[in-house]
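The structure appears below as structure tokens.
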Amino acid sequence: MTEPTARIDGLSYSYPGATKPSLRSIDLELGPGLTVVAGGSGGGKSTLLRLLDGLVPQFHGGRISGSAAVAGLDPLRTPIPRLAQRVGLVFQDVETQSVYGTVEREIAFGLENAAMPRPEMHDRVDEALAGLSIEHLRGRRLATLSGGERQRVQLAAVLAMRPQVVALDEPTSQLDPEGAAAVLAECVRLAATGRAIVVAEHRLELLVPAADRLLLVEDGRVADTTRDALRGPVSVKPGRSFASTGLAWEASGVVAGPVAGPGAEPVLRDISLAGCPGEVVAVLGPNGSGKTTLLRTLAGLLAPMAGTVRRPAGRTAYLPQNPGALLHLPTVREEVALTLRRTGSDEDPRTMLAAFGLEGLTGRYPRDLSSGERQRAALAATLAGSPTLVLLDEPTRGMDSAARRSLATAVAALAAAGCAVVLATHDRDLAAELADRSIEMVDGRAIELTAPEWRDGAVAGAIADATPAASPEPRR
């Protein structure tokens, strides 16, 4: 009988100071192939993946019982640098995983630490770039990349090490359909070579058909599940009337880039757009097309090189792709209370906390939350205090279906109250559900779309291209 690549026996784990375990009595064997891990935010998916590469418990501390073996090593005791030679992990928040300033150096970092000969190192970097179709990013600085581009770079850095086990935490959360399809194709290719590929995701439309095994992690418990159990209904926005009542925001002839100044290369080219009070505008487009730059320019965080931007009176609320950039106070409740205090609102913080299902997390330190919980906390802190313009960059990042519904409800309520909303997203279902108007960013230019073009034909095409034959079952 073939030995499993990873084996976990009777393992329970609690983070320091936690009132309940994040993993409960786990018995699990993982073999070669693609294993997809699903489940709600905070259920234990990320903790399970961090166990595989030793971050749990060696980095995070806490209480642990039981035993584990991964790629022939004990992740509870083997030094993490040695584990990293056999187990690769890509974090949810790839922003925290970068070391070097340029793409090529970042991908070579692990190989350099392993003292790999330079010719082989170059071959490995070339292979990783080609496998994820990001050869064009080789010489770019990480600071100039979109969130989705950085996600693919960090995955390439892990794959260059050729680990036996690859653990990916929300790898498609910021990717456009083309990028998601490239990641899936690489996962399928690696799984076919006999490696264990473990992917935790909320976006399951691409991964589930390609998976060799499906796991559900809820309340710290792990169990096998089926495709049918993971399928959920796709919600579609009922028609609602929207009447234009003047302009809330406007960008006229805007040229902008991530860094203004002499010699700076623009990302946005001659953008002229406007939105009305109560209107929800979705900004779509591939990674690197200018969505984030547009939102940062509208927010006033990035000065245009040319053109003008006009915002409404009142507060402009901006949610960046990385919610951790907003959260710095000791508790979730204090984050929301700070926004309300700064805006002079007498609203009870509990109202917004309840709207995002955060009642049980009000006393928690935001940076100790799961990615999805942290996203909800950032949204609650951003949307409190009756803003007049809301700018959301990939707001469903790391969200489960319940949190996604909470977001849809909150955005609808803001629009009904006359707030203008602009959201950048790869989630075309979200655009169809919420947006009155949709804009596609292509090479830094904005193109108005008609309603049928919002739907996910691009996603369907990516599924058809990437899926193999069916396998076994900052606040302002």
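In the numbering used here, the protein residues as written are -3 to 472. Glycine included, every Cβ here is placed at the ideal spot set by N, Cα and C.
Specify, as a first and last residue, the run of the beta strand (DSSP E) that residue 31 falls within. Against the sequence shown, residue 31 aligns to sequence position 35. Per DSSP, residue 31 is one residue of the beta strand (DSSP E) stretching across 29 to 34.
Report the option in 32, 0, 1, 46 whose CA atom is closest to the CA atom of residue 19. Sequence index remark: in the sequence shown, residue 19 carries index 23 (1-based). Among 32, 0, 1, 46, the Cα nearest to that of residue 19 is on 46.
Any contact of the segment 138 to 146 with the segment 277 to 293, i.e. 3+ C-beta pairs under 8 Å? yes
Can you pull the DSSP bridge partners for residue 390? Residue numbering aside, residue 390 sits at position 394 when the sequence shown is read from its first letter. Paired residues: none, contrary to the question.
Using the C-alpha atoms, what's the distance from residue 153 back to residue 297? Taking the sequence shown and counting its residues from 1, one reaches residue 297 at position 301. Taking the sequence shown and counting its residues from 1, one reaches residue 153 at position 157. Distance between the alpha carbons of residue 297 and residue 153: 30 Å.
Candidates 71, 218, 57: closest to residue 83 by CA position: Walking along the sequence shown from the start, residue 83 turns up at place 87. Nearest neighbour of residue 83 by Cα position, chosen from 71, 218, 57, turns out to be 71.
Continuous alpha helix (DSSP H) stretch holding residue 263: start and end: The count along the sequence shown starts at 1 and reaches residue 263 at position 267. Run containing residue 263: none; DSSP gives neither H nor E here.
Pairing CB atoms from the segment 3 to 20 with CB atoms from the segment 51 to 62, are three or more of them under 8 Å? At 8 Å Cβ cutoff, the stretches touch.
If the criterion is Cβ atoms closer than 7 Å, does the pair residue 213 and residue 35 meet it? As a working mapping, residue 213 is identified with position 217 in the sequence shown. As a working mapping, residue 35 is identified with position 39 in the sequence shown. Contact flag set, yes.
Taking all protein chains shown into account, do 16 or more other C-beta atoms lie within 10 angstroms of the C-beta of residue 221, making it buried, or fewer, making it exposed? The residue labelled residue 221 in the question sits at position 225 within the sequence shown. Burial call: buried.
Residue 18 in three-state terms, based on DSSP: Residue 18 sits at position 22 when you count from the first residue of the sequence shown. Coil.
Assuming residue 309 is part of the alpha helix (DSSP H), what are its boundary residues? The sequence position of residue 309 within the sequence shown is 313, counting from 1. Careful: residue 309 lies outside any alpha helix (DSSP H) and carries neither H nor E.
Those residues which DSSP pairs with residue 246 across a bridge: One-based indexing of the sequence shown puts residue 246 at position 250. Beta-bridge annotation (DSSP): residue 246 is paired with 270, 306.
Residues sharing a beta bridge with residue 420, DSSP: For the purposes of this step, residue 420 is taken as residue 424 along the sequence shown, with counting starting at 1. 279, 389.
Please go through the same chain and pick out, in chain order, the residues whose beta-carbon is closer than 8 Å to the beta-carbon of residue 249, but skip the five residues on each side of it. On the sequence shown, residue 249 is found 253 positions in, with the first residue counted as 1. Within the same chain, residue 249 has close Cβ partners 266, 267, 268, 302, 303, 304.
Could you name the residues of the same chain whose beta carbon sits closer than 8 Å to that of residue 14, not counting the 5 residues immediately before and after it, in chain order? Translated into the one-based positions of the sequence shown, residue 14 becomes position 18. Same-chain partners within the cutoff: 58.
Delimiting residues of the alpha helix (DSSP H) encompassing residue 351: Here residue 351 corresponds to residue number 355 of the sequence shown, with the count starting at 1. Element bounds for residue 351: 345 to 351.
Are there three or more Cβ pairs, one per stretch, closer than 8 Å when the segment 309 to 316 is compared with the segment 355 to 363? Because the criterion of three Cβ pairs below 8 Å is not met, the segment 309 to 316 and the segment 355 to 363 do not touch.
8 Å CB neighbourhood of residue 376 in its chain, flanking five on each side removed: For this step, residue 376 is matched to residue 380 along the sequence shown. Within the same chain, residue 376 has close Cβ partners 328, 331, 332, 348, 349, 351, 352, 354.
I'd like the span of the alpha helix (DSSP H) that includes residue 479, first residue to last. Given that the chain is displayed from residue -3 to residue 472, the structure contains no residue 479 and the question cannot be resolved.
Could you pull out every residue in the same chain whose Cβ sits closer than 6 Å to the Cβ of residue 194, ignoring the five residues on either side in sequence? Sequence index remark: in the sequence shown, residue 194 carries index 198 (1-based). Correct list, in chain order: 31, 163.
Can you give me the C-alpha to C-alpha distance between residue 417 and residue 320, rounded to a whole angstrom? Position 421 of the sequence shown, counting from 1, holds the residue named residue 417. Position 324 of the sequence shown, counting from 1, holds the residue named residue 320. For residue 417 and residue 320, the distance between alpha carbons rounds to 21 Å.
Output the distance between the C-alpha atoms of residue 444 and residue 247, rounded to the nearest integer angstrom. Taking the first residue of the sequence shown as 1, we reach residue 444 at position 448. Taking the first residue of the sequence shown as 1, we reach residue 247 at position 251. In a straight line, the C-alpha of residue 444 is about 14 Å away from that of residue 247.
Flag this pair as yes or no: are the beta carbons of residue 97 and residue 138 separated by less than 7 Å? Here residue 97 is taken as the residue at index 101 of the sequence shown, counted from 1. Here residue 138 is taken as the residue at index 142 of the sequence shown, counted from 1. Yes, these two residues count as a Cβ contact at 7 Å.
Closest Cα partner of residue 398 within the set 271, 198, 149: Looking up residue 398 in the sequence shown gives position 402. The shortest Cα separation from residue 398 among 271, 198, 149 belongs to 198.
Going by DSSP in three states, residue 451 sits in which element: helix, strand or coil? For this step, residue 451 is matched to residue 455 along the sequence shown. Bear in mind that a pLDDT of 43 at residue 451, under 50, signals an unreliable position, so the number given afterwards is only what the model happens to contain. It is coil, neither helix nor strand.
Let me confirm a value: residue 405 is counted as buried when at least 16 other C-beta atoms fall within 10 Å, else exposed. Which label applies? Residue mapping note: residue 405 aligns to position 409 of the sequence shown, counting from 1. That one is exposed.
Rounded to the nearest angstrom, how far is the Cβ of residue 69 from that of residue 79, given a contact under 8 Å? Reading the sequence shown from its first residue, position 73 is the one you call residue 69. Reading the sequence shown from its first residue, position 83 is the one you call residue 79. Confirmed, about 6 Å.
Euclidean distance between Cα positions of residue 437 and residue 191: In the sequence shown, counting from the first residue as 1, residue 437 sits at position 441. In the sequence shown, counting from the first residue as 1, residue 191 sits at position 195. Near 37 Å, if we compare the C-alpha coordinates of residue 191 and residue 437.
Measure the CB-CB distance between residue 196 and residue 165 and report whether it falls below 7 Å. For the purposes of this step, residue 196 is taken as residue 200 along the sequence shown, with counting starting at 1. For the purposes of this step, residue 165 is taken as residue 169 along the sequence shown, with counting starting at 1. Cβ atoms of residue 196 and residue 165: closer than 7 Å.
By how many angstroms is the C-alpha of residue 424 removed from the C-alpha of residue 434? What you label residue 434 is simply residue 438 of the sequence shown in a count that begins at 1. What you label residue 424 is simply residue 428 of the sequence shown in a count that begins at 1. The straight-line gap from Cα to Cα measures roughly 10 Å.
Output yes or no for whether 7 Å exceeds the beta carbon distance between residue 315 and residue 388. The residue given as residue 315 occupies position 319 in the sequence shown. The residue given as residue 388 occupies position 392 in the sequence shown. Yes, these two residues count as a Cβ contact at 7 Å.
Straight-line gap, residue 323 to residue 337 (C-alpha atoms, nearest Å): Within the sequence shown, residue 323 is the residue found at index 327, counting from 1. Within the sequence shown, residue 337 is the residue found at index 341, counting from 1. Near 16 Å, if we compare the C-alpha coordinates of residue 337 and residue 323.
Over what stretch of residues does the beta strand (DSSP E) that includes residue 437 continue unbroken? Locating residue 437 in the sequence shown gives position 441, counting from the first residue. It spans 433 to 438 - the beta strand (DSSP E) in which residue 437 sits, taken as one unbroken run.
For residue 218, which residues from the same chain have a beta carbon less than 7 Å from its beta carbon, with the 5 sequence-adjacent residues on both sides left out? Residue numbering aside, residue 218 sits at position 222 when the sequence shown is read from its first letter. So the qualifying residues of the chain are 22, 24, 44, 211.
May I have a chain-ordered list of the beta strand (DSSP E) segments no shorter than 3 residues that lie completely inside the segment 89 to 168? Qualifying beta strand (DSSP E) stretches, in chain order: 161 to 165.
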